[in-house]
Amino acid sequence: MTKETVHVDLGERSYDIHIGPDLLPNAGAYIKPHLQRNHVAIITDETVAGLHLATLETGLAAEGITSVALKLLPGEATKSWENLQKTVEWLLSEKIERDDIVIAFGGGVIGDLAGFSAAILRRGVRFAQIPTSLLAQVDSSVGGKTGINSPHGKNLVGAFYQPQLVLADVAVLGTLQPRDFLAGYGEVAKYGMLGDIAFFEWLEDNGPAMAAGDMDKRIQAVKRSCQMKADIVARDEKEHGDRALLNLGHTFCHALEAATGYSDRLLHGEGVAIGCALAFETSMRLGLCSQEAPSRVRAHLRAMGMKVDLSDIVGDLPDADGLLALMAQDKKVQNGTLAFIMARSIGDSFVTRDVDLDVVKSVLEDALSAR
1 MTKETVHVDL
11 GERSYDIHIG
21 PDLLPNAGAY
31 IKPHLQRNHV
41 AIITDETVAG
51 LHLATLETGL
61 AAEGITSVAL
71 KLLPGEATKS
81 WENLQKTVEW
91 LLSEKIERDD
101 IVIAFGGGVI
111 GDLAGFSAAI
121 LRRGVRFAQI
131 PTSLLAQVDS
141 SVGGKTGINS
151 PHGKNLVGAF
161 YQPQLVLADV
171 AVLGTLQPRD
181 FLAGYGEVAK
191 YGMLGDIAFF
201 EWLEDNGPAM
211 AAGDMDKRIQ
221 AVKRSCQMKA
231 DIVARDEKEH
241 GDRALLNLGH
251 TFCHALEAAT
261 GYSDRLLHGE
271 GVAIGCALAF
281 ETSMRLGLCS
291 QEAPSRVRAH
301 LRAMGMKVDL
311 SDIVGDLPDA
321 DGLLALMAQD
331 KKVQNGTLAF
341 IMARSIGDSF
351 VTRDVDLDVV
361 KSVLEDALSA
371 R
């Protein structure tokens with residue numbers, strides 16, 4: 001079983017993503033070359049801390065690196081102004097310096113919050129991502145997007161701030177609950193849908209074994225996902241063009257997350273999966289792709305045991321107009337028009353602002369009526 005490395009080419013902000021099992025016990029060897037002094041601050045959540053913090057601390061100590069840790073509550077609600085202030089003030093109280101390393105140790109919530117804290121602390125303290133969820137390993141830990149949520153919407157406050165390195169330990173994925181693993185799989189499948197039909201076909205064949213615990217297939221899936229994201233980020237770091245492709249399904253997803261109160265009713269990756277299905281359905285109704293494409297997307301996600309339709313979300317949802325209003329809060333709005341990622345086929349997506357919202361509304365109405 002080989003370890004893999006994906007390079008994110010951003011000039012002087014370039015870094016490597018290391019992928020493989022048993023990176024946590026060897027974390028010190030990866031991080032030490034980046035340190036000015038042998039001391040780090042770890043931001044994590046209570047769940048991850050209970051499972052893995054001792055292993056990370058031991059791995060750091062093996063290289064003579066001391067550490068302090070802040071444990072926050074798990075969950076999307078942690079990405080708040082209150083916890084941003086708490087984290088920054090804690091880092092200041094621990095006398096973390098600009099040349100130190102802050103370690104974001106957790107899922108996407110911790111990565112976003114810790115990365116943003118590092119970005120604004122002393123006008124920029126270096127940080128490393130050690131993502132512990134599949135979703136974070138293939139998406140949020142790569143590319144430098146950091147931030148918190150606002151009452152107005154998700155990820156509306158933040159900064160582009162690249163890490164020094166990413167350690168994606170796939171062995172850690174074995175401690176995820178099946179629902180959390182599958183939520184992350186929503187982002188993995190998204191990469192195939194947006195730009196690589198061969199990867200989507202590979203997932204159709206290998207996704208079940210990967211979900212069942214096949215380590216080699218997990219490494220391959222994380223590597224391909226990270227490579228696709230790294231290539232797009234290298235072309236468009238600050239989302240002026242191609243990087244928006246990574247938001248396939250997200251315009252729908254973010255509205256659904258807001259509608260469900262960023263709660264456990266709908267995990268982010270579940271929203272992405274439903275959003276991708278809705279994006280392909282909209283593309284088909286606009287005459288952009290064949291009828292077969294949305295059916296095939298749904299069939300694969302359903303075969304993986306994932307949420308696919310609005311009927312899979314428990315509890316009440318707003319009507320179609322209410323969901324459209326939530327979509328209008330998306331941070332990709334320009335001059336009042338929404339950006340959509342539409343598809344010509346599986347593996348061929350594009351960004352457009354020329355989408356008939358009446359068609360989107362009809363897709364939502366039909367999906368809501370099927371609940």
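The sequence shown begins at 1 in the numbering used here and counts up by one.
Ideal placement from N, C-alpha and C gives every residue a C-beta, glycine not left out.
Model, not experiment: these values are computed from the prediction.
The secondary-structure analysis by DSSP pairs Met342 across a beta bridge with Phe350. DSSP assignment within the stretch 156-184 yields the following whole beta strand (DSSP E) runs of 3 residues or more, N-terminal first: 165-169.
In the structure shown, Ser67 falls within a strand segment according to DSSP collapsed to helix, strand and coil. Judged by their CB atoms, Val272 and Lys361 are not nearer to each other than the 8 Å cut-off.
Within the stretch 76-133, the runs of beta strand (DSSP E) that reach at least 3 residues and sit entirely inside it are, in chain order, 101-106 and 126-131.
Note on geometry: alpha-carbon atoms of Pro318 and Gly249 lie some 18 Å from one another. The C-beta distance from Met327 to Thr251 rounds to 6 Å, short enough to meet the 8 Å contact threshold. Remark: three or more beta-carbon pairs, one from each stretch, lie closer than 8 Å, so the stretch 68-78 and the stretch 106-124 are flagged as touching. Annotation: His240 is outside any alpha helix (DSSP H) and is labelled neither H nor E by DSSP. Between the C-alpha atoms of Ser14 and Phe340 there is a straight-line separation of about 29 Å. The beta-bridge partner set that DSSP reports for Lys145 consists of Phe160. By the neighbour-count definition (other C-beta atoms within 10 Å, threshold 16), Pro294 is a buried residue. Shown here for Asp356: same chain residues with a beta carbon closer than 8 Å to its own, the five before and five after excluded, namely Leu286 in chain order. Remark: three or more beta-carbon pairs, one from each stretch, lie closer than 8 Å, so the stretch 273-282 and the stretch 179-193 are flagged as touching.
Check the Cα spacing between Pro208 and each of Ser225, Pro178, Ala234 and Gln227: the tightest is with Pro178.
Nearest Cα to Asn26 within the set Ile232, Ala54, Asp45 and Ser150: Ala54. Within its own chain, the residues whose Cβ lies closer than 7 Å to the Cβ of Pro21, once the five positions on either side in sequence are excluded, are Met1, Asp169, Val170, Ala171 and Met215, listed in chain order.
By the criterion of a C-beta distance shorter than 6 Å, Asp99 is surrounded in its chain by Gln36, once the five residues flanking it on both sides are discounted. Taking the Cα positions, Arg243 is about 22 Å away from Ile110. In this structure, Leu56 places its C-beta atom within 8 Å of the C-beta atom of Ile42. Per the coordinates, the alpha-carbon of Gly347 lies some 34 Å from the alpha-carbon of Val48. In the structure shown, the three-state DSSP call for His152 is coil. For the 8 Å CB-CB criterion, Lys145 and Phe127 do not form a contact.
Only exposed fits Ser263, as fewer than 16 other CB atoms lie within 10 angstroms of its CB.
Bridge partners of Leu72 according to DSSP: Asp45.
Taking each of Arg296, Glu270 and Gly158 in turn and checking the Cα distance to Trp81, the smallest one comes out for Gly158. Restricting attention to Thr58, Tyr30, Gly64 and Ala29, the CA atom closest to the CA of Asn38 is found in Gly64. Listed in chain order, the non-local C-beta contacts of Ile197 below 7 Å within the same chain comprise Ile346 and Gly347, local neighbours out to five positions each way being set aside. The Cβ atoms of Met306 and Tyr185 lie closer than 8 Å to each other. In the displayed model, Tyr15 falls within a strand according to three-state DSSP.
Using a Cβ distance threshold of 8 Å, Ile313 and Arg265 count as a contacting pair.
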